[in-house]
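Student: Quick one: this structure, given as structure tokens, is what I'll be asking you about.
2 protein chains.
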Amino acid sequence: MSERIFNFSAGPAVLPESVIKSAQRDIWNVADSGIGVMEHSHRGKVFDRILKEAEANCRELAGIPDTHHVLFLQGGASQQFAMVPMNFLPKDGTADYLVSGVWSEKAVKEAKALGKVHEASSSKDRNHCYIPTNVSWSSSPSYAHFTSNNTIYGTQWRQDPTPPAGVPLICDASSDIFSRPIDVRKYGMIYAGAQKNLGPAGAVLVIVRKDMVDAAASDLPTIFQYRTHAKEPSVFNTPPSFAIYVVGEVFKWIQAGGGLKAMEGKNQEKAALLYDYLDQSDFFRGTADADSRSLMNVCFRAPSEELEAAFIAEATKRGMSGLKGHRSVGGMRASIYNAMPRAGVEALVAFMKEFERANRAVHA
Amino acid sequence: MSERIFNFSAGPAVLPESVIKSAQRDIWNVADSGIGVMEHSHRGKVFDRILKEAEANCRELAGIPDTHHVLFLQGGASQQFAMVPMNFLPKDGTADYLVSGVWSEKAVKEAKALGKVHEASSSKDRNHCYIPTNVSWSSSPSYAHFTSNNTIYGTQWRQDPTPPAGVPLICDASSDIFSRPIDVRKYGMIYAGAQKNLGPAGAVLVIVRKDMVDAAASDLPTIFQYRTHAKEPSVFNTPPSFAIYVVGEVFKWIQAGGGLKAMEGKNQEKAALLYDYLDQSDFFRGTADADSRSLMNVCFRAPSEELEAAFIAEATKRGMSGLKGHRSVGGMRASIYNAMPRAGVEALVAFMKEFERANRAVHA
């Protein structure tokens, strides 16, 4: 097998190599069935076991109580931006949205087309380089929605917002799900596209309170009602079976590594390698406020756009890809999700040091 | 690598072995990029090439003119059941549906919740064992919808229905897409879940006329408007990139086999092996009317349910799986999609002969 490089892509993103190796075996013949995992009926025993095991491992990892459904759906977070208000925002209701970046804004846009939205806080004034913790809730919101991690700006909620009592908290956790322990009981709903921390693109994990699903709108097309998917868990129609299989393998990989607490420790260590270096450098500088920094996406700039272009080009030559920052922030972004090995971050920091040494003179 | 068996599953279904072998390689490192195909950014060069190539090969295979978009979406045919009337059925309009089975009925159900539906023909009177070609159109339908192949009953439209001039024909081709040549110019839209003839579950191919997309409803959530996906072809949000990759590999495999005309010839030969045997047998009998028989799903019964259970159990022991018929028809169903090798059908017919010989006495 040819060599793999360090992939700092913001998503789809690096997967654990052991998971890819399992997939290589199982797409040919899974569980000694003589049939590959992509080719099994979603109503058959082999896939049924894969699905049930994925759900059970998900529940075990995050301590998800029986009050919540665990569903694997399609359409990514973007489809959830529409399905959340379709299901949970009555025509005469108001939903509170905490706006911490472009993805929150997209969620707001879809909700606004369906009902009333109150932007309870926003970090737009400083291009979302911080987490807008200064929240002013509306009087009686149907739910409160926030984005736990903001890939583009490299910011992350350290502590979840706390809406007024009785208001369901809904979290788009696409880019930091299962990077740390999570207290599911606090949430009405958590959703996450798989393609950053959980698996390949094409599956979205939805953890949602059963009583909310029961009370949700029922005048929607069948497939856009959560109750449809809760009734026949994840198999109302043909599910993205291979994507679910990979997500299940990722759950097992997290478990084998010690679970979410151990994962958080590793993620803190990896991020500290980068942030500690950035903090003492007068060449590179991080773009997010220190108290809002993400453990998943580390955004930083060099002294000039020319140096940034040179940095990215040279890093690519050295087997570190996906480091170009999003155009709305510029510079560099290192996405260091669960599956990014510590060795990848060490290689990046070593190269940053070398690049700084070589170019400090140019800059000075 | 351990042995694979013959997989007659109705879907997800057998894939070409050469495609699986390519996937085994490419999920580790695709195009010598050092990154697996599941891990590439959907905005990067590597995936962009995969997507563009898949679209180009799709257009080349089926002769799709520039009048039509080629899109890879999520949610399967079931989501299209909702999106079609959401986009194309005005509140004061009527849509004509030709009802040839459960999947047509599900499409009708979603359309009825959104507008008026006229059932222009139906085969319900005889449990959908034939194709309802006797059509009575409404006066001015917004579109005409049909299901080209009916997996459960083993029926298939031999010739497409012909709606009144100017009425867009919309086809759910999930279970026979690219099993034969197709004249796309006749259609307003063709859609197909990938998991039978095109690849794994999790992608749905949508071929739709550009002028229809331009004129479609615009008061829908962004992600449910076809124009959204047409504007940024298949990458409005993160697409199911691995599923699209596999579909692209299947397109190449069809091309390498001679294209759709050659595929049709092979499918006719495979189906004839089964139907010719059924026609001369007084033990097994086909369940679909002869003029409505599907080349994709061959449904048949044995003289008793006990014999059917014994047949399925013994076939499974001999490495032929997925032969149990749908409960609404009973008996057996052999799904022999594009990727089912002729050797699989030959093995099945040989076993049917043997089983008939061994059990004819019991039956007589």
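Protein chains in written order, with this note's numbering: chain A, 836 to 1199; chain B, 836 to 1199.
C-beta atoms are modelled at their ideal positions from N, C-alpha and C, and glycine is treated no differently.
Just by C-beta distance, which residues in the stretch 1075 to 1088 of chain B are closer than 8 Å to chain A?
Tutor: Residues passing the 8 Å Cβ filter: P1075, S1076, F1077, A1078 and V1081.
Student: Less than 8 Å between the beta carbons of Y978/B and V952/B, yes or no?
Tutor: Taking 8 Å as the Cβ cut-off, Y978/B and V952/B do not qualify as a contacting pair.
Student: By Cβ distance below 6 Å, which residues in the same chain neighbour A912/B in space, the five residues on each side in sequence not counted?
Tutor: So the list reads D1007, S1009 and G1028, once near-sequence residues are dropped.
Student: I need the DSSP call for I1042/B, collapsed to helix, strand or coil.
Tutor: Three-state result, I1042/B: strand.
Student: Would the beta-carbon of L1130/B fall within 8 Å of that of V1085/B?
Tutor: Contact flag unset, no.
Student: Can you pull the chain D residues whose beta carbon is under 7 Å from the beta carbon of G1166/A, in chain order?
Tutor: Checking the listed chains, one finds no chain D in this structure; the protein chains it contains are A and B.
Student: State whether the stretch 943 to 952 of chain B contacts the stretch 910 to 925 of chain B, with contact taken as three or more CB pairs (one from each stretch) at a distance under 8 Å.
Tutor: Contact holds: three or more Cβ-Cβ distances are below 8 Å.
Student: Look up G1094/B in the DSSP assignment and say whether it is helix, strand or coil.
Tutor: Helix.
Student: Would you say F907/B faces chain A, with C-beta separation under 8 Å as the test?
Tutor: False, the Cβ-Cβ gap to chain A never drops below 8 Å.
Student: CB V1164/B to CB L1109/B, shorter than 8 Å?
Tutor: Their beta carbons are not under 8 Å apart, which means V1164/B does not touch L1109/B by this criterion.
Student: Count Cβ pairs between the stretch 955 to 970 of chain A and the stretch 1093 to 1109 of chain A that sit closer than 8 Å; are there 3 or more?
Tutor: No contact exists between the stretch 955 to 970 of chain A and the stretch 1093 to 1109 of chain A.
Student: For P1074/A, which of K1101/B, A1107/B, G1092/B and G1037/B has the nearest alpha-carbon?
Tutor: Taking only the C-alpha atoms, the option nearest P1074/A is G1037/B.
Student: Assuming R1136/B is part of the beta strand (DSSP E), what are its boundary residues?
Tutor: Its beta strand (DSSP E) spans residues N1132 to R1136.
Student: Note down the Cα distance separating D901/B from N969/B, rounded to an integer number of angstroms.
Tutor: For D901/B and N969/B, the distance between alpha carbons rounds to 33 Å.
Student: State the DSSP-derived secondary structure class of F1119/A, mapped to helix, strand or coil.
Tutor: It is coil, neither helix nor strand.
Student: According to a CB-to-CB cut-off of less than 9 Å, which residues of the stretch 1048 to 1071 of chain B neighbour chain A?
Tutor: Per Cβ criterion, the list reads D1054, L1055, P1056, T1057, I1058, F1059 and F1071.
Student: Mapping DSSP to helix, strand and coil, what is H953/B?
Tutor: Three-state DSSP puts H953/B in a strand.
Student: If we define contact as Cβ-Cβ less than 8 Å, is E945/A a contact residue for chain B?
Tutor: So yes, E945/A belongs to the interface.
Student: Grab the span of the alpha helix (DSSP H) containing H980/A for me, first residue to last.
Tutor: Where H980/A is concerned, there is no enclosing alpha helix (DSSP H), although the beta strand (DSSP E) it sits in stretches over Y978 to T982.
Student: Whole angstroms is fine: what's the gap from C893/B's alpha carbon to R1128/B's?
Tutor: Spanning the two alpha carbons is a distance of roughly 27 Å.
Student: For F841/A, list the residues DSSP reports as bridge partners.
Tutor: Looking at the DSSP assignment, F841/A forms a beta bridge with M1155/A.
Student: Quick one: what does DSSP say N1103/A is sitting in, helix, strand or coil?
Tutor: Strictly speaking, residue 1103/A in this sequence is Gln, with Asn absent from that position. DSSP places Q1103/A in helix when its eight states are reduced to three.
Student: Against chain B, with Cβ distances strictly below 8 Å, would V849/A count as a contact?
Tutor: Judged by the 8 Å Cβ criterion, V849/A is in contact with chain B.
Student: Tell me which same chain residues have a C-beta within less than 7 Å of the C-beta of I1147/B, skipping the five on either side of it?
Tutor: Within the same chain, I1147/B has close Cβ partners L1158, K1159 and M1167.
Student: Taking all protein chains shown into account, decide if D861/A is buried (16 or more other Cβ within 10 angstroms of its Cβ) or exposed.
Tutor: So D861/A counts as buried.
Student: Strictly by DSSP, which residues pair up with G1028/B?
Tutor: V1039/B.
Student: Which runs of the beta strand (DSSP E), 3 residues or longer, sit entirely within the stretch 1156 to 1195 of chain A?
Tutor: Listed in chain order, the complete beta strand (DSSP E) runs (minimum 3 residues) inside the stretch 1156 to 1195 of chain A are 1167 to 1170.
Student: Establish whether the CB of I855/B and some CB of chain A are separated by less than 8 Å.
Tutor: Chain A, which has a Cβ nearer than 8 Å to the Cβ of I855/B, makes this yes.
Student: Are T1154/A and G871/B closer than 8 Å when you measure CB to CB?
Tutor: Thr is not the amino acid found at residue 1154/A; the sequence shown has Gly there. Result no, Cβ atoms of G1154/A and G871/B do not sit closer than 8 Å.
Student: What are the boundary residues of the beta strand (DSSP E) that I987/B is part of?
Tutor: I987/B -> no beta strand (DSSP E), and no H or E assigned at all.
Student: How should D1126/B be labelled, buried or exposed, when 16 other C-beta atoms within 10 angstroms of its C-beta is the threshold for buried?
Tutor: Exposed: under 16 other Cβ atoms inside 10 Å.
Student: Do the CB positions of A1106/A and I1171/A come within less than 8 Å of each other?
Tutor: Cβ distance < 8 Å, so A1106/A and I1171/A count as in contact.
Student: For R961/A, name the three-state secondary structure that DSSP assigns.
Tutor: In the structure shown, R961/A sits in a helix (DSSP, three-state: H, G or I).
Student: Using the beta-carbon of each residue, which ones in chain B are nearer than 9 Å to P925/A?
Tutor: Within chain B, no residue comes near P925/A; the closest Cβ sits about 16 Å away, beyond 9 Å.
Student: Is the Cβ of P877/B closer than 8 Å to any Cβ of chain A?
Tutor: A quick correction: the sequence has His, not Pro, at residue 877/B. Interface residue, yes.
Student: N842/B versus chain A: which residues are under 7 Å apart at the beta carbon?
Tutor: Those are I870 and E874, listed as they occur along chain A.
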